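Colleague: Using the working numbering, read the sequence shown as starting at 73 and increasing by one per residue.
In this text, a Cβ means the ideal position worked out from N, Cα and C, and glycines have one as well.
What you are looking at is a predicted structure, and each value in this text was computed from that prediction instead of being measured.
The structure that follows is given in the form of structure tokens.
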Amino acid sequence: MPLFASRLPHVGQTIFSEMSQLALEYNAINLGQGFPNYQMDSHLINLVSKAMQDGNNQYAHSNGVPLLRQKIAEKVAFLYGTELNADQQITVTPGGTYAIYTALTAILHPGDEVLVFEPAYDSYVPNIELNGAKPAFVHLQAPDYTIPWEKVWQKVNRKTKAIIVNSPHNPTGRVLSEEDIVQLKSLIQKFELYIISDEVYEHLIFDEKKHLSLLRYPELLGRSFVCFSFGKTYNCTGWKLGYAIAPADLMVEFRKIHQFNCFSCFTPTQVALAQFLEEKEAYLELGETMQSKRDFFQKSMIGAPFQALPSHGSYFQCYNYMGEWKETGIDLSKRLTKELRVATIPVSAFYHDGGEPNQIVRFCFSKTEDVLQEAANRLHN
Ligand SMILES: Cc1ncc(COP(=O)(O)O)c(C=O)c1O
Numbered sequence: 073m074p075l076f077a078s079r080l081p082h083v084g085q086t087i088f089s090e091m092s093q094l095a096l097e098y099n100a101i102n103l104g105q106g107f108p109n110y111q112m113d114s115h116l117i118n119l120v121s122k123a124m125q126d127g128n129n130q131y132a133h134s135n136g137v138p139l140l141r142q143k144i145a146e147k148v149a150f151l152y153g154t155e156l157n158a159d160q161q162i163t164v165t166p167g168g169t170y171a172i173y174t175a176l177t178a179i180l181h182p183g184d185e186v187l188v189f190e191p192a193y194d195s196y197v198p199n200i201e202l203n204g205a206k207p208a209f210v211h212l213q214a215p216d217y218t219i220p221w222e223k224v225w226q227k228v229n230r231k232t233k234a235i236i237v238n239s240p241h242n243p244t245g246r247v248l249s250e251e252d253i254v255q256l257k258s259l260i261q262k263f264e265l266y267i268i269s270d271e272v273y274e275h276l277i278f279d280e281k282k283h284l285s286l287l288r289y290p291e292l293l294g295r296s297f298v299c300f301s302f303g304k305t306y307n308c309t310g311w312k313l314g315y316a317i318a319p320a321d322l323m324v325e326f327r328k329i330h331q332f333n334c335f336s337c338f339t340p341t342q343v344a345l346a347q348f349l350e351e352k353e354a355y356l357e358l359g360e361t362m363q364s365k366r367d368f369f370q371k372s373m374i375g376a377p378f379q380a381l382p383s384h385g386s387y388f389q390c391y392n393y394m395g396e397w398k399e400t401g402i403d404l405s406k407r408l409t410k411e412l413r414v415a416t417i418p419v420s421a422f423y424h425d426g427g428e429p430n431q432i433v434r435f436c437f438s439k440t441e442d443v444l445q446e447a448a449n450r451l452h453n
């Protein structure tokens, strides 16, 4: 008998942890969880080491090391043409997920509703529910997972407080289009919603698509918390370091929560990143590198009983196995892990209720080519 009522009664272990555990148990290649299997830039490692040797080992400023925030502001001006006030609009956080949670906590009150597109990254819904608010779900339209805007407009009501967008999108690799931006602008104008924009994969974008960061659009940024992750940009997901950008008045509320939750982030990595951000190629070349991995894996999968769906960004590509097997995504993912020793994540896990009947799994291709080739060989079986 539990001692108290759970705040998240329906939540158990996430599918990511479950599949990673199964992958370990069966010594499987883990194309389930999203992380690179190769080493990050050694120059950045050396900069962290130097930052520690230089004595940057005490609490950092609660909003983030000032020089790092300054460099982030310069990067945003360079990439998206928007001038930010680094003191008032940028807060360094322990990862993108934390930034999203803090933003939602800053704006939500019990009874509020938040529009969530499914399939969705798994933290959004529990984050909303912990704040006593409710998700209102809209399904993206397979196979290219476009946003059905007419359904969004139907779902908005006077309780709707915010909308979460994620581009490039996990798990589908879909990216926001110009038409999505037009729709978002008119939605925000009409209903005065807030936007949580999850842009952790901002640099992992392919096929010459442009990342339509909400930072480009003053009328959207005026009501947005835009969340980023250094972990995804610099192949160091284990660092759990990111940042949030918002207008000054929204950031005041964000920081009220941040100061009593984490207060400040690991200092040496912030000092190192303030220098490393000068090296633009490190993030500008990332899209091309990752695109070649997507293409390599897709080519290696030709002839295997899976059909690739479009992916224009992120670490991920979805594949459907319709017509090959009747089993659910969860059963197939477990069987592939145990029998072929390749771990994947079923896309049904990204829906609160398992979604529409879909026989689709997500593969993570941020791996070295030998590993991708070996996984594909096994999947040809
Ligand atoms: C869509 C999305 N948002 C946020 C995150 C988390 O970023 P971080 O590790 O910086 O918290 C992930 C990680 O998988 C993600 O896929």
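#1: Helix, strand or coil: how does DSSP classify H211 here?
#2: Between L204 and ligand 1, is there a pair consisting of the residue's CB and a ligand heavy atom that are separated by less than 6 Å?
#3: Return helix, strand or coil for P191, following the three-state DSSP convention.
#4: Roughly how many whole angstroms lie between the Cα atoms of Q363 and T440?
#5: Between which two residues does the beta strand (DSSP E) harbouring I162 extend?
#6: Do the CB positions of A178 and I374 come within less than 7 Å of each other?
#7: Decide if the stretch 157-164 is in contact with the stretch 119-138; the criterion is three or more beta carbon pairs, one per stretch, under 8 Å apart.
#8: State the Cα-Cα distance for the pair L75 and W311, rounded to the nearest angstrom.
#9: Residues bridged to P418 by DSSP?
#10: Report all residues from its chain with a CB closer than 7 Å to the CB of Q379; omit the five preceding and five following residues, and keep chain order.
#11: Of all the options T244, N453, L286, R141, which has the alpha carbon lying nearest to the alpha carbon of P377?
#12: Is it buried or exposed, I260, if we count other Cβ atoms within 10 angstroms and call 16 or more buried?
#13: Just to confirm the assignment, what range does the alpha helix (DSSP H) spanning Y196 have?
#14: Could you check which residue in L313, I268, C308, S301 has the C-alpha nearest to that of R295?
#15: Considering only the alpha carbon of each residue, which of E274, R450, S405 lies closest to V298?
#16: What are the complete beta strand (DSSP E) segments, minimum 3 residues, inside the stretch 305-342?
#17: Does the Cβ of N199 lie closer than 6 Å to at least one heavy atom of ligand 1?
Modeller: Per the coordinate set shown:
#1: Here H211 sits in strand by DSSP.
#2: The question names Leu, but residue 204 is Gly in the sequence shown. Result no, Cβ not under 6 Å from ligand 1.
#3: coil
#4: 13 Å
#5: Under the DSSP assignment, I162 falls in the beta strand (DSSP E) whose first and last residues are 162-165.
#6: no
#7: yes
#8: 34 Å
#9: In DSSP, P418 forms a bridge with V433.
#10: Taken in chain order, the residues that qualify are Y391, N392.
#11: N453
#12: buried
#13: 196-202
#14: Minimum Cα-Cα distance from R295 among the listed residues L313, I268, C308, S301 corresponds to I268.
#15: E274
#16: 314-317
#17: no
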